[in-house]
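**Student:**
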Amino acid sequence: MGNPMKIRAAVKDGVTEVKVLMQHDMETGLRKEADGTLVPAWFITEVKAQHQGRTVLEAQYGQSISKNPYLLFRFKGGAVGEKVTVSWTDNKGDTRTDEAAIAA
Amino acid sequence: MTNRTGREAINMERRKALKTGGGIGLMALFGALGLLQPGKAFAEWNKTAFSSKSMDEALAALGVTTPESSEAIKLTVPEIAENGAVVPVTVVSTIPDVEQISILVDKNPNVLAANFTFPQGTEGMVTTRVKMGQTANVVALVKADGKFYRVAREVKVTAGGCGG
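Going line by line, the protein sequences match chains A and B. Residue numbering for the first sequence follows the numbering used here, beginning at 6 and increasing consecutively. Residue numbering for the second sequence follows the numbering used here, beginning at -10 and increasing consecutively.
This is how it looks when you write it as C-alpha cells:
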C-alpha cells in the first residue's frame, strides 16, 4: 500500500475537472547513492481514473514522470457528490486506490 | 544477494546490446527475455515504448510513422526550467475525438514519459510533470481519429533532473 493520494474533483458547466497528486518516489533506476550503488527503478506504471464505475482516463507512466506525480484532466458529466476513483500500480506491483466526491 | 547479481548481469547484457547491436540487438534481447509481448492487451504497460532510448525507437514502438505537425495542439511548457526534476507540461488538443496523448522528452535516457488514453467523453487535454536531464525538446503526440499529430517545444534546463 502506497501513501494516500490527494484528489480534488469539481464540476462546472457540465465538465468535471479532476486534479490528482500521487505520492510516489518515482525512482528512475539511474540515480546512484553516495556510495555509488544504483537505486533500483521504482515508479508508477499505470494510472486509472473512474467516475461511477466508468473509466474516464487511463495512463501509462515511464521513469521520466516527476516524483509525486501530478495529473489534471477533464471529463464531461459528473454531478456534485458523485465519486471519482483513482488507482495506480507501480513496477513492483504495489497499488493504491483513493476516491473523492465531486464538489461544486 | 543472488538476486542482485542476477539483475546486474542483465543490466550489463543490456548495456552491451545497446552498444553493439543498437535497435535490433535490443529488440532481440527483449524478445529473449520475454519482455516483448506483441498482441498483448491494449491497456498493458508498453515495455518496449517506455524502454526506448531514442525518439525514433519510441515512435516505432508506439506504432507511429510520420506524425503530422499540427497547430491544433497546444503544448504549454516553461521556456526555462530552473528545476529539471519538475517540469510542468500541459497538452490541449482542439482536434476532436482524441484517443491518446503521449508526452516524450527527446534527450532523456528513457524518451517516453507518459501515455494517456481518453475514453469518449473525456476532454483531449492533460497536465502532468516530467523530469528533464538537460535542455531538450518536449514532444506531445496526439492520436485522434486514427491519425497522429505532433508538436514540440524546447525547454532550457538550468539544473538537471536526474540527480534527484
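Glycine included, every Cβ here is placed at the ideal spot set by N, Cα and C.
1. Answer with buried or exposed for N99/B, where buried requires no fewer than 16 other C-beta atoms within 10 angstroms of its C-beta.
2. Does L101/B get closer than 8 Å to chain A when you measure Cβ to Cβ?
3. Tell me the DSSP secondary structure of D103/A in three-state form.
4. If we define contact as Cβ-Cβ less than 8 Å, is T90/A a contact residue for chain B?
5. Using DSSP with H/G/I as helix, E/B as strand and the rest coil, what is L48/B?
6. Using 8 Å for Cβ pairs, my map puts K96/A next to T50/A. What's the rounded Cβ distance?
7. If you follow the alpha helix (DSSP H) that T116/B is part of, which residue opens it and which one closes it?
8. Determine which residues of the segment 72 to 86 of chain A have a Cβ less than 8 Å from any Cβ of chain B, and write them out in chain order.
9. Taking the alpha helix (DSSP H) that T60/A belongs to, which residues open and close that run?
10. Could you compute how far the alpha carbon of L43/A sits from the alpha carbon of L35/A?
11. Answer with buried or exposed for A102/B, where buried requires no fewer than 16 other C-beta atoms within 10 angstroms of its C-beta.
12. Do A39/A and V89/A have their C-beta atoms within less than 8 Å of each other?
13. Quick one: give me the first and last residue of the alpha helix (DSSP H) that A38/B is part of.
14. Less than 6 Å between C-beta atoms, sequence neighbours within five positions excluded: which residues of the same chain meet that for D95/B?
15. Flag A64/A as yes if its beta-carbon sits less than 8 Å from any beta-carbon of chain B, otherwise no.
16. CA-CA distance, K29/B and S92/A?
17. Compare the Cα-Cα distances from G19/A to each of V85/A, N8/A and Y75/A and report the closest residue.
18. Taking beta-carbon pairs under 7 Å, can you tell me which members of the segment 113 to 141 of chain B lie near chain A?
19. Have a look at K133/B and G41/A and give me their C-alpha separation to the nearest angstrom.
20. Using 7 Å as the cut-off, classify the Cβ of G58/A as near or not near the heavy atoms of the ligand MG, replying yes or no.
21. For G122/B, count neighbouring Cβ atoms within 10 angstroms of its own Cβ and tell me buried if that reaches 16, exposed if not.
**Tutor:** Taking the geometry as given:
1. buried
2. Cβ-Cβ to chain A under 8 Å: yes for L101/B.
3. It is a strand residue.
4. No, because no Cβ of chain B sits closer than 8 Å to the Cβ of T90/A.
5. Helix, per DSSP.
6. The question names Lys, but residue 96/A in the sequence shown is Asn. N96/A to T50/A, Cβ: 5 Å. Contact.
7. Not the alpha helix (DSSP H): T116/B falls in the beta strand (DSSP E), residues M114 to V119.
8. When CB distances to chain B are screened at a threshold of 8 Å, the residues of the segment 72 to 86 of chain A falling below it are K72, P74, Y75, L76, L77, F78, R79, F80, K81 and G82, in chain order.
9. Not the alpha helix (DSSP H): T60/A falls in the beta strand (DSSP E), residues R59 to Y66.
10. 7 Å
11. buried
12. no
13. Note, A38/B: alpha helix (DSSP H), K36 to F39.
14. M44, A125 and N126
15. yes
16. Residue confidence for K29/B is low, a pLDDT of 35 falling below 50, so the modelled location carries little weight; the figure read from the coordinates is stated next. C-alpha separation (whole angstroms): 21 Å.
17. Closest option to G19/A, Cα to Cα, is V85/A.
18. Listed in chain order, the positions of the segment 113 to 141 of chain B with a beta carbon within less than 7 Å of a beta carbon of chain A are M114, V115, T116, T117, R118, V119 and K120.
19. Note that residue 133/B corresponds to Ala in the displayed sequence, not to Lys. Each residue's alpha carbon lies about 45 Å from the other.
20. This structure lacks the ligand MG; in fact it carries no ligand of any kind.
21. buried
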